[in-house]
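J.: Residue numbers (my numbering): 31 to 360. Where is the CB? At the ideal position from N, CA and C, for every residue including glycine. In this text the structure is predicted, and so the values were computed from the model without any measurement.
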Amino acid sequence: MNLNLHNIPANISNTNSEPVKVVILGSGPAGFSAALYAARAELQPLVLTGMELGGQAALTYTIENYPGFPEGVGGAQLGELFQKQAEKFGAKIEFETATAVDLSVKPFRVMTYDREFLAESLIIATGASPNHLNVVGEKELTGRGVSYCATCDGWFFKDKKVVVVGGGDSALEEALFLTRYASGVHIVHRRNELRAGAILQKRAMENPKIHFIWDSVVDQILGSEKVEAVQLKNVKNGEVSHFDTDGVFIFIGHTPNTQMFQGQLELDQNGYIITNMNMETSVDGVFAAGEVMDSHFRQVVTSAGMGAAAGIQATKYLENQEETKTTQAA
Ligand code: NAP
């Protein structure tokens with residue numbers, strides 16, 4: 031394997047000399063659940079939160095399918111509860127982002143922008159990031175009408191007309207959320223059939239503010255200072271048209287945040303970390319949980335479950351290591 035160690039600075043002075051028993055990368059449902067289990071095993075896990083405290087779930091306005099909350103719970107609120115519960119049992123939270131790892135040595139090395147941590151075991155819960163359309167105007171107008179988060183930016187589109195791209199659960203859920211503010215929400219989907227689940231489909235179809243533009247893709251995003259229109263292309267007949275809009279919300283799936291593990295861990299063809307049922311990766315002592323290794327379920331509850339499993343397995347791994355040391359010493 032070619033190790034992807036190019037991000038590792040030659041000498042970081044700020045190294046914690048004592049290895050931490052469990053370092054957890056990521057603070058979404060998987061990361062905090064792993065932290066809760068490792069903390070209850072008295073391992074004082076260290077969570078490096080990453081850029082998005084609470085992960086993608088924290089950007090969701092209401093989560094209606096997390097058990098125990100029959101009325102739903104705010105994504106950010108659930109994230110805070112996860113954090114509080116992990117901290118209560120001794121998890122330490124650092125608002126740092128891992129930029130590189132070295133999994134070829136033990137203890138493992140985890141680098142952030144200006145610090146280095148040594149870890150006896152590592153749980154990767156770095157999640158996934160929203161995909162981009164990669165069309166002209168998208169990058170230039172991001173933050174000026176182009177958005178990947180309705181909960182964060184919806185408020186800016188009060189009484190305005192917006193386009194939502196995608197036909198999955200995220201696109202419909204976010205489109206429904208946007209109807210709180212926008213005067214009209216136009217969902218552009220590349221097929222004439224939605225991928226989203228039946229409940230969301232029904233809600234969207236019944237919402238008078240939501241309209242569908244089928245068999246079409248956004249070819250270009252137009253505007254000088256801010257989004258003014260999109261260029262649409264009908265994929266069936268090739269027809270190109272302009273559609274005036276104040277905003278473009280893009281929900282076309284995700285890419286796992288695994289760049290720094292390339293060449294060090296086995297990844298599948300889409301870049302997801304490969305694990306077995308015990309959340310074990312191809313490197314002994316390194317575990318992965320949540321959307322960084324799961325492209326199928328991608329629910330808060332499944333990620334939390336996988337995080338718990340990773341926490342349990344990391345505990346078992348450390349116990350075995352300890353036992354081996356004791357046997358060797360005897
Ligand atoms: P997704 O299910 O992969 O859907 C992505 C959508 O974007 C699809 O409709 C796809 O079209 C479209 N798309 C992909 N690339 C495109 C491109 N380049 N141009 C135009 N359209 C493109 O992603 P998601 O909606 O983010 O959901 C991910 C997972 O999270 C799913 O398992 C979902 O069930 C789950 N989720 C669940 C909930 C919930 O339970 N409430 C909420 C959000 C997400 P095609 O359909 O033609 O492929």
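(1) Buried or exposed: residue 100, going by 16 or more other Cβ atoms within 10 Å of its Cβ?
(2) Looking at the strands, I want to know which residues DSSP matches up with residue 279.
(3) Could you have a look at residue 141 and say whether DSSP puts it in helix, strand or coil?
(4) How is residue 229 classed by DSSP in three states: helix, strand or coil?
(5) Taking the continuous beta strand (DSSP E) assigned at residue 242, which residues delimit it?
(6) Quick one: grab the DSSP three-state call for residue 264.
(7) Which first and last residues belong to the beta strand (DSSP E) in which residue 58 is found?
(8) Alpha helix (DSSP H) containing residue 202: first to last residue?
(9) Classify residue 342 as helix, strand or coil using the three-state DSSP reduction.
(10) Does the count of Cβ pairs from the segment 88 to 108 and the segment 68 to 77 closer than 8 Å reach three?
(11) Between residue 279 and residue 177, how many whole angstroms is the CB-CB distance? I'm expecting something under 8 Å.
(12) For residue 152, which beta-bridge partners are listed by DSSP?
(13) Are there 16 or more other CB atoms within 10 angstroms of the CB of residue 287, so buried, or fewer, so exposed?
(14) Answer yes if the segment 316 to 331 comes into contact with the segment 149 to 160, meaning at least three C-beta pairs across the two stretches below 8 Å, and no otherwise.
(15) Assuming residue 276 and residue 187 make a contact with CB atoms under 8 Å, what is their CB distance in whole Å?
(16) Who are the near neighbours of residue 250 in its chain, counting only those whose CB is closer than 6 Å to its CB and skipping five residues on each side?
(17) How would you write the range of the beta strand (DSSP E) that residue 124 sits in, first residue to last?
(18) Would you say residue 95 touches the ligand NAP, meaning its beta carbon is less than 7 Å from a heavy atom?
(19) Any idea if residue 40 is buried or exposed, counting beta-carbon neighbours within 10 angstroms, 16 or more meaning buried?
(20) Could you name the residues of the same chain whose beta carbon sits closer than 6 Å to that of residue 301, not counting the 5 residues immediately before and after it, in chain order?
(21) What first and last residue would you give for the alpha helix (DSSP H) that runs through residue 76?
(22) To which residues of the same chain is residue 36 closer than 7 Å at the C-beta, ignoring the five residues directly before and after it?
(23) Taking the alpha helix (DSSP H) that residue 250 falls in, what are its first and last residues?
(24) The ligand NAP heavy atoms versus the CB of residue 250: any closer than 7 Å?
(25) Going by C-alpha to C-alpha distance, which of 97, 128, 104 sits closest to residue 57?
(26) When the Cα atoms are used, what is the spatial distance from residue 267 to residue 161?
(27) Just checking residue 106 against the ligand NAP - is the residue's beta carbon closer than 7 Å to any of the ligand's heavy atoms?
(28) Pull the bridge partners of residue 297 from the DSSP assignment, please.
(29) So, is residue 139 buried or exposed, given that buried needs 16 or more other C-beta atoms within 10 angstroms?
T.: Considering the structure as presented:
(1) exposed
(2) 177, 194
(3) strand
(4) helix
(5) 240 to 243
(6) strand
(7) Run containing residue 58: none; DSSP gives neither H nor E here.
(8) 199 to 208
(9) helix
(10) no
(11) 5 Å
(12) 53, 316
(13) buried
(14) yes
(15) 6 Å
(16) 165, 166, 167, 261
(17) 122 to 124
(18) yes
(19) Low per-residue confidence applies at residue 40: pLDDT is 49, beneath 50, and the placement is therefore not dependable enough to give any value.
(20) 286, 288
(21) Unbroken run through residue 76 is the beta strand (DSSP E), 76 to 78; no alpha helix (DSSP H).
(22) Bear in mind that the predicted position of residue 36 carries a pLDDT of just 46, short of 50, making it too unreliable to give a figure here.
(23) Not the alpha helix (DSSP H): residue 250 falls in the beta strand (DSSP E), residues 246 to 252.
(24) no
(25) 128
(26) 26 Å
(27) no
(28) 303
(29) buried
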